[in-house]
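The opening position of the sequence shown corresponds to residue 1 in UniProt numbering, with each subsequent residue numbered one higher.
Here a beta-carbon is modelled for each residue, glycine too, at the ideal position from N, C-alpha and C.
Step one of this worksheet: look at the structure below.
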Amino acid sequence: MNDLISLMLALGNDMFFAMIPAVGFALVFNVPPKALKYCAIGGALGHGTRFLLMHWGMPIEWATFAAATLVGMIGVHWSHRFLAHPKVFTVAAMIPMVPGVFTYKAMIAIVEINHRGFSMELWGVMIENLLKAIFIVAALAIGLAMPGLLFYRRRPVV
Numbered sequence: 001m002n003d004l005i006s007l008m009l010a011l012g013n014d015m016f017f018a019m020i021p022a023v024g025f026a027l028v029f030n031v032p033p034k035a036l037k038y039c040a041i042g043g044a045l046g047h048g049t050r051f052l053l054m055h056w057g058m059p060i061e062w063a064t065f066a067a068a069t070l071v072g073m074i075g076v077h078w079s080h081r082f083l084a085h086p087k088v089f090t091v092a093a094m095i096p097m098v099p100g101v102f103t104y105k106a107m108i109a110i111v112e113i114n115h116r117g118f119s120m121e122l123w124g125v126m127i128e129n130l131l132k133a134i135f136i137v138a139a140l141a142i143g144l145a146m147p148g149l150l151f152y153r154r155r156p157v158v
């Protein structure tokens, strides 16, 4: 029971702090004020979904893909309900899942290689973090595009 409470507190903390950059980037992208709360909810749901999936053992790349697809699906629903483009709700909600830490670690490894010289350890750190960042960004892009591929097709899927 104590583990469940600590998981719910960590999930709430994760979702709350994911709302902040989602709203901030929504403001940068000139999202209408009425849609800001939906951007915040989308950011919280996406990051919270990724958090739970990673907690249950899913790799971050696949968890990001699933969370991005969920946010995309919800964004399509909201776009039909409020007669707006889905990107109004989804793009800012994806921002909290951008892999800044992995990109930062890859760049620091590149700087260290440039400063100290080549070493297999630094090269491994750079490649690992760079590939992880690339796959996370790809998961965000494909997950964001997934609802459009499924719902806005002119021909049936099967």
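Compare the beta carbon distance of Ala145 and Phe65 with 8 Å and say whether it is the shorter of the two. On the sequence shown, position 145 is the one that residue 145 refers to. On the sequence shown, position 65 is the one that residue 65 refers to. No.
Taking all protein chains shown into account, do 16 or more other C-beta atoms lie within 10 angstroms of the C-beta of Leu83, making it buried, or fewer, making it exposed? Within the sequence shown, numbered from 1, the residue matching residue 83 stands at position 83. Classification of Leu83: exposed, given that the 10 Å Cβ count is below 16.
With a threshold of 7 Å (Cβ to nearest heavy atom), would Cys39 be considered close to the ligand NAP? The ligand NAP is not among the ligands present in this structure, which contains no ligands whatsoever.
Runs of 4 residues minimum, wholly inside the UniProt domain "Threonine/Serine exporter ThrE" (14 to 148): which ones carry the alpha helix (DSSP H) assignment? 36 to 55, 60 to 82, 86 to 94 and 100 to 116
Apart from the five residues on each side of it in sequence, which residues of its chain come closer than 7 Å, Cβ to Cβ, to Ala106? For this step, residue 106 is matched to residue 106 along the sequence shown. Result list for Ala106: Met126, Asn129, Leu130 and Ala133, in chain order.
I think Phe151 touches Val76, with their Cβ atoms under 8 Å apart; what is that distance to the nearest whole Å? Along the sequence shown, read from residue 1 onward, the residue named residue 151 stands at position 151. Along the sequence shown, read from residue 1 onward, the residue named residue 76 stands at position 76. Their Cβ separation, rounded to whole angstroms, is 6 Å, which keeps Phe151 and Val76 in contact under 8 Å.
Roughly how many angstroms separate the alpha carbons of Gly72 and Glu112, rounded to a whole number? Counting from one through the sequence shown, the residue named residue 72 turns up at place 72. Counting from one through the sequence shown, the residue named residue 112 turns up at place 112. The straight-line gap from Cα to Cα measures roughly 38 Å.
In chain order, what residues of the same chain have a beta carbon less than 6 Å from the beta carbon of Leu7, not counting five sequence neighbours either side? Translated into the one-based positions of the sequence shown, residue 7 becomes position 7. Within the same chain, Leu7 has no close Cβ partners at all.
Pair within 8 Å by beta-carbon distance, Ala93 and Ala22: As a working mapping, residue 93 is identified with position 93 in the sequence shown. As a working mapping, residue 22 is identified with position 22 in the sequence shown. Result yes, Cβ atoms of Ala93 and Ala22 sit closer than 8 Å.
Do you know how far the Cα of Leu9 is from the Cα of Thr49? Locating residue 49 in the sequence shown gives position 49, counting from the first residue. Locating residue 9 in the sequence shown gives position 9, counting from the first residue. If I take the Cα positions, the gap works out to 14 Å.
What's the gap between the Cα of Tyr38 and the Cα of Arg81? Position 38 of the sequence shown, counted from the first residue, corresponds to residue 38. Position 81 of the sequence shown, counted from the first residue, corresponds to residue 81. Using only the alpha carbons, I get a separation of about 12 Å.
Contact belief for Ile74 with Gly42 at Cβ below 8 Å, rounded distance in angstroms: Numbered from its first residue, the sequence shown carries residue 74 at position 74. Numbered from its first residue, the sequence shown carries residue 42 at position 42. Sure, about 6 Å apart at Cβ, within 8 Å.
Beta-carbon proximity check, His55 vs Ala18, cutoff 8 Å: Counting from 1 along the sequence shown, the entry for residue 55 is found at position 55. Counting from 1 along the sequence shown, the entry for residue 18 is found at position 18. Cβ atoms of His55 and Ala18: not closer than 8 Å.
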